[in-house]
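Whatever position you read off the sequence shown (first residue = 1), add 390 for this note's numbering. From the three backbone atoms N, C-alpha and C, an ideal C-beta is built for every residue, glycine too. Single-structure report; data block below.
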Amino acid sequence: MCGPLPPDNHRSGKPVTAQTFNRMTPYLFLAPAAITMAIALLYPLGYMVYGSFRDWDPSQNISETDFVGLKNYITLFFDPAFRESLSVTLIFAFTVVVAEMVIGVGLALLLDRNIRGISVLRTLFILPMMIAPVVVGLMWRYMYHPTVGTFNKTLKSLGFDGVDWLGQHALLSVIIADIWQWTPFILILALAALQSLPASAIEAARIDGATAWQQIWHIKLPLMMPVLVVTALLRLIDAFKVLEVILVMTEGGPGLSTEIVALRISRTATEFRELGTAAAMSNYLLILLLILTLAMFAIGRLQDARTARLARQVQEEEG
């Protein structure tokens, strides 16, 4: 009987081994999804960048438009209305993210214990996140109503004057609505991070006599920090793109007090019919988000290194 044939090396130079094939298999399976995502992402992005250099309105095909270079970007840079919208966006985004992180992590620390009915409480806490943004906007708009709204009726029943929630305090009112809806997102991820912490580290701190606050500040929060950084980044990106709730509640008013960049982009494209300017505005927002993302990733790397150092210290103490 003849033995196995030797590999045909003279055509390919070297044989394709089983190890090489196994190493390439995950990439072969991922290739269709990666190609589809690249087309779905890069083509619209390239189209938007190309359109931002054109004098473009909806009545024209983009190939019929005039090239204007950086005119749209320069115009926006010196546009007081755009800068006001950008300022409102920054105030709104950072305020809601900081408040949601503090409240969400605090609730997670309170709920991370064996309490009767804790599963029901957790379910109730995440209900706001399940409601559609348009419904949230309508609900809070009615509650903020100056005469029949829940808040003013309660204040008047207590002997206080009503508050012009969607007028003088419009931005604060929108911030409160966003905090109510998206704090559960922080709560869920913070609870997951808490429940995945190594019990040995917490037990060692307890044996060493650490108080509950010291365990939170020196053990739990540092170990949770990589998850919290990613969570804050996701919420920050999402906060920059909020549209439906603000559109339903205030329509960006009064004036420009609640007009964030996403809403101004929509108005510029649909009401003002300036697609080139809207594309340039979108690119400004994209650049800002990229800068924030890179900064958050850098912070995440530092936190990962700190967490690894803390884990090594715990292992050394246990050893």
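Please go through the same chain and pick out, in chain order, the residues whose beta-carbon is closer than 7 angstroms to the beta-carbon of residue i, but skip the five residues on each side of it.
i       : result
Lys-546 : Gly-552
Leu-626 : Ala-483, Val-487 and Leu-682
Met-533 : Gly-539, Thr-540 and Phe-541
Trp-446 : Ile-452, Thr-455, Leu-665 and Gly-666
Ile-609 : Ala-591, Ile-592 and Ala-595
Ile-650 : Ser-475, Val-478, Thr-479, Phe-482, Val-632 and Ile-636
Pro-523 : Glu-634 and Val-635
Gly-690 : Pro-616, Val-619 and Val-620
What is the C-beta distance between residue i and residue j, in whole angstroms, given that I count them as a contact (C-beta under 8 angstroms)?
i       : j       : result
Arg-696 : Pro-588 : Between Pro-588 and Arg-696 the Cβ distance is about 16 angstroms, and since that is not below 8 angstroms, they are no contact.
Val-487 : Ala-629 : 6 angstroms
Thr-577 : Leu-511 : Looking at the sequence itself, residue 577 is Leu, so the reference to Thr does not match. Not really, about 11 angstroms apart at Cβ, beyond 8 angstroms.
Asp-554 : Pro-536 : 6 angstroms
Leu-561 : Val-620 : That belief does not hold up - the Cβ atoms of Leu-561 and Val-620 are roughly 27 angstroms apart, past 8 angstroms.
Thr-660 : Thr-648 : Contact flag wrong, Cβ pair sits at about 18 angstroms.
Arg-663 : Pro-448 : 5 angstroms
Leu-581 : Asp-502 : 6 angstroms
Report the three-state DSSP secondary structure of residue i (helix, strand or coil).
i       : result
Phe-662 : coil
Phe-443 : coil
Asp-551 : coil
Asp-456 : strand
Gln-703 : helix
Gln-693 : helix
Gly-436 : helix
Ser-449 : coil
Leu-556 : coil
Val-620 : helix
Thr-537 : coil
Asn-542 : helix
Asn-673 : helix
Thr-648 : coil
Asn-504 : coil
Lys-631 : coil
Considering just the uninterrupted stretch of the alpha helix (DSSP H) at residue i, what are its terminal residues?
i       : result
Thr-573 : 560 to 585
Tyr-463 : 461 to 467
Gly-496 : 470 to 501
Leu-511 : 508 to 520
Gly-373 : Any answer about residue 373 is impossible in this case: the structure gives the chain only from 391 up to 709.
Gln-604 : 602 to 605
Val-638 : 634 to 639
Glu-593 : 589 to 597
Give every residue of the same chain whose Cβ lies closer than 6 angstroms to the Cβ of residue i, excluding the five residues on either side of it in the sequence, and list them in chain order.
i       : result
Asn-673 : Ser-442
Asp-568 : Val-486
Val-458 : Asp-445
Please determine, among the options, the residue with the shortest C-alpha to C-alpha distance to residue i.
i       : options                               : result
Leu-618 : Gly-642, Val-492 and Asp-554          : Val-492
Trp-607 : Trp-555, Ile-592, Thr-621 and Val-620 : Ile-592
Leu-480 : Phe-662, Glu-706 and Ala-652          : Ala-652
Trp-572 : Thr-601, Thr-544, Met-519 and Trp-530 : Met-519
Ile-516 : Ile-505, Asp-502 and Gly-494          : Gly-494
Ala-622 : Thr-640, Leu-679 and Thr-410          : Leu-679
Gly-643 : Asp-694, Pro-434, Leu-556 and Leu-460 : Leu-556
Trp-603 : Pro-470, Leu-499, Phe-662 and His-559 : Leu-499
Asn-504 : Gln-585, Thr-415, Leu-624 and Ala-421 : Gln-585
Met-686 : Gly-645, Thr-658 and Met-615          : Met-615
Leu-528 : Val-638, Leu-432 and Thr-513          : Val-638
Gln-558 : Met-438, Ile-425, Gly-645 and Pro-470 : Gly-645
Val-439 : Ala-698, Phe-550, Tyr-463 and Thr-544 : Tyr-463
Leu-435 : Leu-548, Thr-410, Ile-677 and Leu-418 : Ile-677
Leu-460 : Leu-624, Arg-657, Thr-601 and Arg-444 : Arg-444
Arg-531 : Thr-513, Lys-543, Thr-544 and Ser-563 : Ser-563
So, for residue i: in the same chain, excluding its five sequence neighbours on each side, which residues have a beta-carbon less than 8 angstroms away from its beta-carbon?
i       : result
Ile-565 : Phe-482, Thr-485, Val-486 and Ala-489
Leu-466 : Phe-472, Thr-667, Ala-670, Met-671 and Tyr-674
Gln-703 : none
Gln-605 : Ile-592, Ala-595 and Arg-596
Quick one: does residue i have its CB under 9 angstroms from some CB of chain C?
i       : result
Ser-442 : In the displayed structure, chain C is absent; only one protein chain is listed.
Is residue i near the ligand SAH, going by C-beta to nearest heavy atom under 8 angstroms?
i       : result
Ile-569 : Ligands in the displayed structure: none, and consequently the ligand SAH is not present.
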